[in-house]
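Asker:
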Amino acid sequence: MTLQEGAGPVHAPGLEETPLDPALPGLDHEAARCFLAAARCGCFMQAARSLSIKPTLLRKKLAQLAAWNGQPLFVHQGNTVVLSPEGRRLRQLFSARLELLDLPRPQHEDQPRVCIAVAETLLHDILGRDLLAYLRQHARVRLDLLRLDSTSAPAADVDVQVWLAPEGPPPDPGFPCDTLACLAPLDYLPHVAKRYSRESSRPRSLLELEDYMLVDLSGQSGLAALAPWNDAIAARRSGVTRVNAYEVQRQMIQWSACIGLLPHYVPMIDKNLLALPALFPQPMTLNAWLAVRSEASERDEVQRIVALVRAAFEERRDWF
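Here the sequence shown is numbered in my numbering, starting from 1132 and rising by one per residue.
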């Protein structure tokens, strides 16, 4: 719901004559902050995002402030909600006394930076939607998001890292960490678009695979865990397209009659793609890992990101 200025002058008559106790007895300063954000943003939803709170809490605080003031601060005007004359007066009152009310100016508020590095595959398929929702609800966070490909060296200057590693001993994230957890195994299989491969003509052996264009993600070429696929690529003298972006690889498979190596869960995301498990009987598995830098693990904003990552994988537990 958006807010607009009500009709009439912004300057309320008699404002200078209104005495103000600097302490403003009984005033909930958090409610005042919510009110100023709503008036500044012109929208309850955006004000809640700016303050990183739920819209229901914002409305509750605004109702408390209206009760404290004794008059409504917003009025309906057609399909919109606008500041009432009393709301405009109160906004002027608070804006002129930000220091007395201990209300920081939004542009001067320091927000701790959180740096998260995520494997491109996991960002695209699993974490992207949840991160978008998080940013939509927290407009004032400072987030550095780094994309890792399959052969990226461990990131050194990050707070949270989510990456892929071969099966075996726990991998080294590249920094001291308190949290090191395996989130899920990803089994890799060749995939083809259903529209380009009828059931009767789908390739079931490496010999039959020779009639298809293969699309290879460059970041996977050096991974021993994917050796059966990489050997098939290396043996070819034609019929190979190499790309450096996971999303492009997916598009090539879907629209160019290519066969490419993807995580086993992809058909659950895209019903147009089909796995071909018979082509490579040897398992090809990478594990998704989570690491949290030791010195950052107790920070609230880092814990929120970690909770988001864990929840995203838990929500998709049936994929694995």
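Just so you know, even glycine gets a beta-carbon here, dropped at the ideal spot from N, CA and C.
None of these values were measured; they are calculated from a predicted model.
1) Cβ of residue 1295 within 8 angstroms of Cβ of residue 1340?
2) Since I believe residue 1290 is in contact with residue 1423 (beta carbons under 8 angstroms), could you give me their beta-carbon distance rounded to a whole number of angstroms?
3) Three Cβ pairs or more, each shorter than 8 angstroms: is that satisfied between the segment 1329 to 1336 and the segment 1359 to 1378?
4) By DSSP, does residue 1256 sit in helix, in strand, or in coil?
5) Below 8 angstroms on the Cβ atoms is my guess for residue 1420 versus residue 1312; work out the distance and round it to an integer in Å.
6) Which residues share a DSSP beta bridge with residue 1347?
7) Buried or exposed: residue 1402, going by 16 or more other Cβ atoms within 10 Å of its Cβ?
8) Quick check: the Cα distance between residue 1305 and residue 1418, rounded to an integer number of angstroms?
9) In the structure shown, what three-state DSSP assignment does residue 1398 receive?
10) What does DSSP give as the partner residues of residue 1292 in its beta bridges?
11) Would a C-beta distance cut-off of 8 angstroms place residue 1319 and residue 1412 closer than the cut-off?
12) In the DSSP assignment, what are the bridge partners of residue 1319?
13) Whose C-alpha, out of 1315, 1352, 1387, 1317, is nearest the C-alpha of residue 1344?
14) Does DSSP put residue 1205 in a helix, in a strand, or in coil?
15) Between which residues of its own chain and residue 1373 is the CB-CB distance below 6 angstroms, once the five residues before and five after are set aside?
16) Taking the C-alpha atoms as reference points, what is the distance between residue 1308 and residue 1292?
17) Excluding five sequence neighbours on each side, which residues of the same chain lie with their C-beta closer than 7 angstroms to the C-beta of residue 1288?
18) Output the boundary residues of the beta strand (DSSP E) element that contains residue 1441.
19) Do you know offhand how far residue 1261's Cα is from residue 1449's?
Answerer: Answer, in terms of the structure:
1) Residue mapping note: residue 1295 aligns to position 164 of the sequence shown, counting from 1. Residue mapping note: residue 1340 aligns to position 209 of the sequence shown, counting from 1. Taking 8 angstroms as the Cβ cut-off, residue 1295 and residue 1340 do not qualify as a contacting pair.
2) The count along the sequence shown starts at 1 and reaches residue 1423 at position 292. The count along the sequence shown starts at 1 and reaches residue 1290 at position 159. Confirmed, Cβ separation roughly 7 angstroms.
3) Segments in contact, no.
4) Start at 1 with the first residue of the sequence shown, and residue 1256 comes out as number 125. Annotated three-state conformation of residue 1256 is helix, per DSSP.
5) As a first step, residue 1420 is located in the sequence shown; it is residue number 289 there, counting from the start. As a first step, residue 1312 is located in the sequence shown; it is residue number 181 there, counting from the start. Yes, they are in contact, since the Cβ atoms of residue 1420 and residue 1312 sit about 7 angstroms apart, within 8 angstroms.
6) Numbered from 1 along the sequence shown, position 216 holds the residue referred to as residue 1347. The bridge partners DSSP lists for residue 1347 are 1373.
7) In the sequence shown, the residue the question calls residue 1402 occupies position 271. Counting other Cβ atoms within 10 Å of its Cβ, residue 1402 stays below 16 and is therefore classed as exposed.
8) Within the sequence shown, numbered from 1, the residue matching residue 1305 stands at position 174. Within the sequence shown, numbered from 1, the residue matching residue 1418 stands at position 287. Looking at the two C-alpha atoms, the distance is approximately 17 angstroms.
9) Here residue 1398 corresponds to residue number 267 of the sequence shown, with the count starting at 1. Assigned with DSSP and collapsed to three states, residue 1398 falls in helix.
10) For this step, residue 1292 is matched to residue 161 along the sequence shown. According to DSSP, residue 1292 shares a beta bridge with 1248, 1422.
11) Numbered from 1 along the sequence shown, position 188 holds the residue referred to as residue 1319. Numbered from 1 along the sequence shown, position 281 holds the residue referred to as residue 1412. For residue 1319 and residue 1412, no; Cβs fall outside 8 angstroms.
12) Position 188 of the sequence shown, counted from the start, is the residue given in the question as residue 1319. BP columns for residue 1319 point to 1394.
13) Residue mapping note: residue 1344 aligns to position 213 of the sequence shown, counting from 1. Closest by alpha carbon: 1387.
14) Taking the first residue of the sequence shown as 1, we reach residue 1205 at position 74. DSSP places residue 1205 in the strand class (E or B) of the three-state scheme.
15) One-based indexing of the sequence shown puts residue 1373 at position 242. Excluding positions up to five away in sequence, the list reads 1347, 1349.
16) Walking along the sequence shown from the start, residue 1308 turns up at place 177. Walking along the sequence shown from the start, residue 1292 turns up at place 161. Each residue's alpha carbon lies about 10 angstroms from the other.
17) Translated into positions along the sequence shown, residue 1288 becomes position 157. Apart from the 5 residues on each side of it in sequence, residue 1288 sits with its Cβ closer than 7 angstroms to the Cβ of 1246 in its chain, given in chain order.
18) The count along the sequence shown starts at 1 and reaches residue 1441 at position 310. Looking at the DSSP string, residue 1441 is not in any beta strand (DSSP E); the run it does join, the alpha helix (DSSP H), is 1431 to 1446.
19) Walking along the sequence shown from the start, residue 1261 turns up at place 130. Walking along the sequence shown from the start, residue 1449 turns up at place 318. For residue 1261 and residue 1449, the gap between their C-alpha atoms comes out near 17 angstroms.
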